[in-house]
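For the sequence shown, numbering that gives the first Met the number 0 assigns the number 0 to the initial residue and increments by one for each residue that follows. Each residue gets a CB set at the ideal place from its N, CA and C atoms; glycine is no exception.
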Amino acid sequence: MIHHSEDPRCWNLEAEIAMLGLRAPMTRREAIRAGILGAAAALLSPPLGGRAAAVPAPAATAAKAKSVIQIWLWGGPSHLDTFDPKPEAGSDYCGPLTSPIATNVAGIRIGELLPLLAKQADKYALIRSMTHGVNAHETATYTVQTGRASGGRDVFPGVGAVVSLFKGYDAGYRGLLPPYIVLTELPGRFSEAGFLGSRYKPFVSGGDPAAARFLVEGVIAQGITDERQRARRDLLRRLNTLEHALGSGDPRLAALAQCESEAYEMILGDAGKVFDLAQEPEPIRERYGRNTFGQSCLMARRLVERGVPYVTINYKGWDTHKGHFPIMRRKLPEFDRGLASLLQELAERGLLESTIVWAGGEFGRTPKVLWEPPWNGGRNHFGAVFSTLVAGGGFRGGQVVGASDARGEEVLERPVHPSDVIASMYELLGIDPEARLPHPEGADVRAMPAKAEGLPGRQRLTEIL
């Protein structure tokens with residue numbers, strides 16, 4: 000059912016569709032949320048919520064990065080089994096994964112189930128001293144995604160929303176693809192846009208890029224061919240009697256026509272073809288792995304090639320309280336193949352210099368394995384120390400920042416808070432950490448927490464910048 004538009008200038012098309020009992024490929028409300036209407040949307044309606052759109056502050060530095068691909072390891076991966084192996088700690092800590100492998104950078108070794116990433120270590124930096132001390136999914140996710148402590152009066156926006164504010168439509172982005180896209184479902188556990196509001200929420204693709212056809216929500220409808228979509232569009236045009244009566248000179252109808260044209264460009268035109276992975280050569284698709292994560296990595300590469308500023312891949316399944324090691328033997332090779340292929344292809348296509356890749360979860364897992372029932376070799380939540388990978392966009396590869404102790408239980412040197420990582424990414428993107436965010440009550444809120452807020456972190460990662 001078509002939702003009634005808030006703007007009376009758009010009533011005629013929507014009302015006639017509703018009277019026909021047809022469902023449009025994408026409603027105007029959905030299209031606004033996706034961001035595909037671009038400048039035409041501004042002609043038709045006020046900013047969502049009645050709040051004036053922000054004017055981004057000038058960049059603090061010249062931007063080295065244009066886009067971010069965030070690989071969100073939902074649930075929290077074990078640092079000991081991925082980027083900070085501790086075989087010397089014994090089986091109570093490393094379990095059966097006793098043979099970490101050397102990388103192509105002398106002195107750096109990673110988990111034995113990541114052989115392809117071991118060959119790409121010159122392209123990424125590992126932060127082995129991430130810390131925030133939070134062991135709950137919701138609050139840890141909020142802290143990692145926003146750089147702020149939870150529990151305050153404000154709900155702060157995540158990195159994707161802030162990048163959408165400063166690199167999206169308000170800053171002159173004119174792509175038909177939304178500036179902030181999540182593959183394939185929301186990570187949840189936090190409000191992506193926070194107090195910035197719906198205008199800066201991500202477009203969530205839905206579907207599965209590894210399926211025979213990637214059914215992107217609102218763009219590709221299951222069981223409806225392109226020919227049928229074109230026939231529907233032609234029928235709606237013929238039935239739009241108000242436009243026929245008023246003629247094409249009315250500026251309001253002209254703006255609506257532009258909206259419709261851009262929406263159909265996403266569905267039937269070249270813009271929408273970015274979601275068609277069948278256009279990729281079969282060897283490339285196989286290279287990434289024919290699974291949801293691998294094809295999401297390929298999809299992310301296609302999106303940043305088109306200039307999308309922020310893409311999140313929500314990679315679930317890392318909350319391994321029970322039977323941890325059998326799950327790792329399945330997930331880590333999948334992760335290894337997808338991420339290594341992404342880094343290699345970005346480099347081959349000249350995109351790694353302008354694309355930040357940020358991979359990690361909300362925390363790590365308990366270093367000591369829980370062998371007893373009911374865990375049977377599980378690992379629980381652990382926010383005291385964990386690992387994160389960053390690459391591209393100005394981050395120097397082949398580096399390790401910080402260290403954990405011999406058992407991976409505490410930070411040994413150079414503690415790194417999530418706000419350190421976020422502030423460093425903003426710098427590379429040319430976003431001033433002191434830039435003011437539009438607050439619904441007019442409060443003076445900056446892109447990164449002020450020192451007066453008393454939070455740890457927000458120290459530049461000078462070692463890898």
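message: Report the start-end ranges of each beta strand (DSSP E) in the region 105 to 132 that is 3 residues or longer and not cut off at the edges.
response: Whole beta strand (DSSP E) segments, 3+ residues: 123 to 129.
message: Among the candidates R328, A299, A61 and E433, whose CA atom is the shortest distance from the CA of L112?
response: Within the sequence shown, the letter at position 113 stands for residue 112. It is R328 whose Cα lies nearest to the Cα of L112.
message: Report the CB separation of T130 from P414 in whole angstroms; it is logged as a contact under 8 Å.
response: Mapped onto the sequence shown, residue 130 falls at position 131. Mapped onto the sequence shown, residue 414 falls at position 415. Sure, about 5 Å apart at Cβ, within 8 Å.
task: Could you say which of P84, P201, R127 and P177 lies nearest to V158 if we only look at CA atoms?
output: Numbered from its first residue, the sequence shown carries residue 158 at position 159. Per the Cα distances, P201.
message: Quick check on this structure: which residue in V384, D431 and I68 has the alpha carbon closest to the alpha carbon of C296?
response: Here residue 296 refers to the residue found at position 297 when the sequence shown is read from its first residue. If we check each option's Cα against that of C296, I68 comes out closest.
Three-way DSSP call (helix, strand, coil) for E216 in this model: Start at 1 with the first residue of the sequence shown, and residue 216 comes out as number 217. Residue state, collapsed to three classes: coil.
query: Taking just the CA atoms, how far does F274 sit from F324?
result: The residue labelled residue 324 in the question sits at position 325 within the sequence shown. The residue labelled residue 274 in the question sits at position 275 within the sequence shown. Roughly 34 Å between the two C-alpha positions.
task: Buried or exposed for I283, please, with buried defined as at least 16 other CB atoms from any protein chain shown within 10 angstroms of its CB.
output: By one-based count along the sequence shown, residue 283 stands at place 284. By the beta-carbon neighbour count (other beta carbons within 10 angstroms, threshold 16), I283 is exposed.
query: If we count the other Cβ atoms within 10 Å of its Cβ and call it buried at 16 or more, is K122 buried or exposed?
result: Taking the first residue of the sequence shown as 1, we reach residue 122 at position 123. K122 should be labelled buried.
field: Sequence-distant residues of its chain with Cβ nearer than 7 Å to A56 (five each side left out)
entry: If you number the sequence shown from 1, residue 56 lands on position 57. Here the model assigns A56 a pLDDT of 48, short of 50, so the residue's position is not dependable and the matter cannot be decided.
query: Roughly how many whole angstroms lie between the Cα atoms of G167 and Y309?
result: Counting from 1 along the sequence shown, the entry for residue 167 is found at position 168. Counting from 1 along the sequence shown, the entry for residue 309 is found at position 310. Cα to Cα, the separation comes out at about 9 Å.
field: Helix, strand or coil at Q343 according to DSSP, with G and I counted as helix
entry: Numbered from its first residue, the sequence shown carries residue 343 at position 344. Three-state result, Q343: helix.
message: Mapping the DSSP letters down to three states, classify S90 as helix, strand or coil.
response: In the sequence shown, residue 90 corresponds to position 91, counting from 1. Helix.
- request: Please report the residue range of the beta strand (DSSP E) in which L182 lies.
  value: Residue 182 sits at position 183 when you count from the first residue of the sequence shown. Per DSSP, L182 belongs to the beta strand (DSSP E) from Y179 to L182.
field: Euclidean distance between Cα positions of P86 and R127
entry: Walking along the sequence shown from the start, residue 86 turns up at place 87. Walking along the sequence shown from the start, residue 127 turns up at place 128. Roughly 16 Å separates the two Cα atoms.
query: What are the partner residues of L369, as DSSP defines its beta bridges?
result: The residue you call residue 369 lines up with position 370 of the sequence shown. Per DSSP, G377.
- prompt: For L125, does the count of other Cβ atoms within 10 angstroms reach 16, so buried, or fall short, so exposed?
  reply: Here residue 125 refers to the residue found at position 126 of the sequence shown. By the neighbour-count rule (16 or more Cβ atoms within 10 Å), L125 is buried.
query: Are Y199 and S149 touching if we call contact CB-CB under 7 Å?
result: Taking the sequence shown and counting its residues from 1, one reaches residue 199 at position 200. Taking the sequence shown and counting its residues from 1, one reaches residue 149 at position 150. At the C-beta level, Y199 and S149 stay beyond 7 Å of one another.
- request: Can you say whether P178 is buried or exposed, counting buried as having 16 or more other CB atoms within 10 angstroms of its CB?
  value: The residue labelled residue 178 in the question sits at position 179 within the sequence shown. Residue burial is scored here from C-beta neighbours: P178 has at least 16 other C-beta atoms within 10 angstroms and is therefore classed as buried.
- prompt: Taking just the CA atoms, how far does A299 sit from L214?
  reply: Indexing the sequence shown from 1 puts residue 214 at position 215. Indexing the sequence shown from 1 puts residue 299 at position 300. Taking the Cα positions, L214 is about 16 Å away from A299.
task: Taking 8 Å as the threshold, find out whether the region 377 to 384 comes into contact with the region 416 to 423 through three or more Cβ pairs.
output: Taking 8 Å as the limit for Cβ pairs, the verdict is that the region 416 to 423 does not touch the region 377 to 384.
- prompt: Hey, would you say T291 sits closer than 7 Å to D207, going by beta carbons?
  reply: Here residue 291 is taken as the residue at index 292 of the sequence shown, counted from 1. Here residue 207 is taken as the residue at index 208 of the sequence shown, counted from 1. Yes, these two residues count as a Cβ contact at 7 Å.
message: Quick check on this structure: which residue in E371, V368, G363 and A390 has the alpha carbon closest to the alpha carbon of S403?
response: Looking up residue 403 in the sequence shown gives position 404. Proximity to S403 across E371, V368, G363 and A390 peaks at G363, based on C-alpha coordinates.
query: What residue from G322, R305, P373 and A210 has the CA that sits closest to G293's CA?
result: Stepping through the sequence shown from its first residue, residue 293 is reached at position 294. Looking at G322, R305, P373 and A210, the one whose alpha-carbon comes closest to that of G293 is A210.
- prompt: Can a CB atom of chain B be found closer than 7 Å to the CB of I312?
  reply: No chain B is present in this structure, which holds just one protein chain.
- request: Report the option in G288, T140, G174 and V307 whose CA atom is closest to the CA atom of P332.
  value: Here the question's residue 332 lines up with position 333 in the sequence shown. Ranking G288, T140, G174 and V307 by Cα distance to P332 puts G288 first.
- request: Can you check DSSP and say which residues form a bridge with I70?
  value: Residue numbering aside, residue 70 sits at position 71 when the sequence shown is read from its first letter. Residue pairing for I70: DSSP places it in a beta bridge opposite I312 and A358.
message: In this structure, how does DSSP classify V444 when only helix, strand and coil are distinguished?
response: The count along the sequence shown starts at 1 and reaches residue 444 at position 445. Residue state, collapsed to three classes: strand.
message: For a test of the three-state rule: what should DSSP assign to Q144, helix, strand or coil?
response: Mapped onto the sequence shown, residue 144 falls at position 145. Per DSSP, reduced to three states, the secondary structure at Q144 is helical.
- request: Measure how close the beta-carbons of V154 and S190 come, nearest whole angstrom, since I'm counting them as under 8 Å.
  value: What you label residue 154 is simply residue 155 of the sequence shown in a count that begins at 1. What you label residue 190 is simply residue 191 of the sequence shown in a count that begins at 1. Confirmed, Cβ separation roughly 5 Å.
message: With H, G and I counted as helix, E and B as strand and the rest as coil, what does DSSP make of A302?
response: In the sequence shown, residue 302 corresponds to position 303, counting from 1. The amino acid occupying residue 302 in the given sequence is Leu; Ala does not appear at that position. Per DSSP, reduced to three states, the secondary structure at L302 is helical.
query: Are three or more beta carbon pairs between the region 367 to 375 and the region 88 to 104 nearer than 8 Å?
result: Touching, per the Cβ criterion.
- request: Could you round the C-beta distance between A88 and A405 to whole angstroms and report it? I think they count as a contact, below 8 Å.
  value: Along the sequence shown, read from residue 1 onward, the residue named residue 88 stands at position 89. Along the sequence shown, read from residue 1 onward, the residue named residue 405 stands at position 406. Between A88 and A405 a beta carbon distance of about 6 Å is seen, short of the 8 Å cut, so the two are scored as contacting.
message: What would DSSP say about G363, mapped onto helix, strand or coil?
response: Position 364 of the sequence shown, counting from 1, holds the residue named residue 363. Strand at G363.
message: To the nearest angstrom, how far is the alpha carbon of Q458 from that of V389?
response: The residue you call residue 458 lines up with position 459 of the sequence shown. The residue you call residue 389 lines up with position 390 of the sequence shown. Each residue's Cα considered, the two are about 16 Å apart.
query: If you run the structure through DSSP and keep just helix, strand and coil, what is S353?
result: Your numbering for residue 353 matches position 354 in the sequence shown. Helix at S353.
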